[in-house]
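Each remark here refers to the structure printed beneath this line.
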Amino acid sequence: MQKVTILSPVHIGNGLNYPNYLLVNGKKYRFEDMVRATFHRNSKVLLSPDFLDKIASTKASAAGSAKQEIAKVIVPNAEEIKTIEPEYEVTISAPKVNQWDINEHMKTMNQMFIPGSTIKGYIINVLMFDVIKNNQQIRNFFQRNLNNKNLIKNVELEVQTLANQQFICRDIMFEHKPEIKLISRISKKGPIPILFECLPINATSQNDFIVWNKIDLNLEKQGFKNDISLPFYNEMVKRIRNFYSLFGKMNKDFLLNAISYEKVFIKDCPYSMNFDKKSAITQLELIEKELHKGKIIVQIGKNINYIAKTTGHAYDRTFYVNNFYQFFNPGMDPKIKGAKVATPNKINSMNLVSNSMSEMYEMVPGFMEIEW
């Protein structure tokens, strides 16, 4: 049995968003409920071809007169609003909640959840980080084959396909209602704010989220195409089968290293308006202390930075910097005209959460504690 606790807002997107006119008087309502509440008063407009076409052709994220016209028709008046139940309370009052639409969190039957694939992906990433960092044979293989990305992808695919069969991660369901958070990607030029439904701080869930298959695969019949795949796979399985005794340290090494990059960005970022650097640094230092105490804290979700999603920082800094544009870079080499540029060994931008009352960015999103 495992228990998870949300330590900072987590957003796992479903690719959809909804218009901000569904927020009325601090409450979020369903579109269909609002239409039902206003149907008697506005049935002619609601059923008119022009209005139906407007609804079908206007994107939820669009701005301007089209959305305003839709809102005028479907937003209930004071009496109509009493006839429908809100989905959840909206506590945010930052000004931009009235300007942008809201990105939805993943839900099933209107219940928020973290997909098992998200947890499994994080675990596999930590395991690979530990193998690359501590196994000279595997590390040398990657270093020698930087020019052959297809080979590296094939090896990773072979190893991960079998390693994934060793355990199952189930979806983590939450009874808690969403919180709308203003989250911005902060760069040296300033914030790019977006509104997200998030799992709130202190939301918890308890179940058998991680289940072990304990299968013994006949590796001779697996037909590994690359010589390095078998020792790589064996290293992964060794860690999986000793998961409870090893994962805490592996995860601590992984996350402490990722946090070190985040702290450097926050301290060095020239943008300071609406950016409470002290609060963000204090939060990260608290996470570091908890990791050193032996707690298992992970960083997941859409709004975490690139470093926390990669195994590249398992290498020493010199190698990482020298080979960044060739192997690790999420963008491209700046020598290529018009290429998106990322800086070696640095985070160029970070997502940060604003407080609920004003646009003041003060918290790093995505942290969750796991207990077993």
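Under the working numbering, think of the first position of the sequence shown as 6, with each following residue one higher.
A virtual CB, placed ideally from N, CA and C, is assigned to each residue, including glycine.
Listed in chain order, the alpha helix (DSSP H) elements of length 4 or more contained wholly in the segment 88–159 are 121–139 and 141–149. The Cβ neighbour count for R149, taken over all protein chains shown within 10 Å, is under 16; the residue is labelled exposed.
Pairing A42 with P120, the inter-Cα distance amounts to about 34 Å. With contacts defined as CB atoms closer than 8 Å, F172 and I107 fail to qualify as a contacting pair.
Per the coordinates, the alpha-carbon of L12 lies some 14 Å from the alpha-carbon of S284. Between N218 and M241, the alpha-carbon positions lie close to 15 Å from each other.
Rounded to whole angstroms, the separation of the alpha carbons of I128 and K182 is 27 Å. If you draw a straight line from the Cα of I124 to the Cα of N310, it comes to about 16 Å. DSSP places L12 outside any beta strand (DSSP E), giving it a letter other than H or E. Residue H16 holds the alpha-carbon nearest to the alpha-carbon of Q304 among Y23, H16 and D321.
Each of S359, M373 and E376 was checked against the Cα of T96, and the nearest Cα belongs to S359. Below 8 Å, too few C-beta pairs join the segment 258–265 and the segment 189–207 to call them touching: fewer than three.
Annotated as proximal: G18 and E109, with beta-carbon spacing under 8 Å. For the segment 278–319, the full-length alpha helix (DSSP H) segments reaching 4 residues or more read 282–297 along the chain. It is roughly 22 Å from the alpha-carbon of A208 to the alpha-carbon of N256. Just measuring C-alpha positions, the residue of S189, S98, K8 and S210 sitting nearest Y276 is S189.
By the 16-neighbour rule on beta-carbons within 10 angstroms, T316 is buried. M373: member of the beta strand (DSSP E) spanning F372 to E376, first to last residue. Residue burial is scored here from C-beta neighbours: M6 has fewer than 16 other C-beta atoms within 10 angstroms and is therefore classed as exposed.
Collapsing the DSSP output to three states places M365 in coil.
Exclusion of the five residues before and after V80 leaves Y26, V29 and M39 as the residues of its chain whose Cβ lies within less than 7 Å of its Cβ.
The C-alpha of V9 is placed about 10 Å away from the C-alpha of F179.
By alpha-carbon distance to N115, the top candidate from N169, R35, P54 and E376 is R35. Within the same chain, F146, N231, I233, S234 and F237 come within 8 Å of V160 by CB-CB distance, once the 5 residues on both sides are set aside. For S189, the enclosing beta strand (DSSP E) covers residues E184 to S192. DSSP places G18 in the strand class (E or B) of the three-state scheme.
The C-alpha of I312 lies about 17 Å from the C-alpha of M368. The alpha-carbon separation between K186 and N239 amounts to approximately 42 Å. Counting other Cβ atoms within 10 Å of its Cβ, S354 reaches 16 or more and is therefore classed as buried. Residue burial is scored here from C-beta neighbours: Q288 has at least 16 other C-beta atoms within 10 angstroms and is therefore classed as buried. Taking the Cα positions, M133 is about 29 Å away from M117.
In the DSSP assignment, Q211 falls within the beta strand (DSSP E) that extends over T209 to N212. Sixteen is the threshold: since fewer than 16 other Cβ atoms of the shown chains lie within 10 Å of the Cβ of E94, the residue is exposed.
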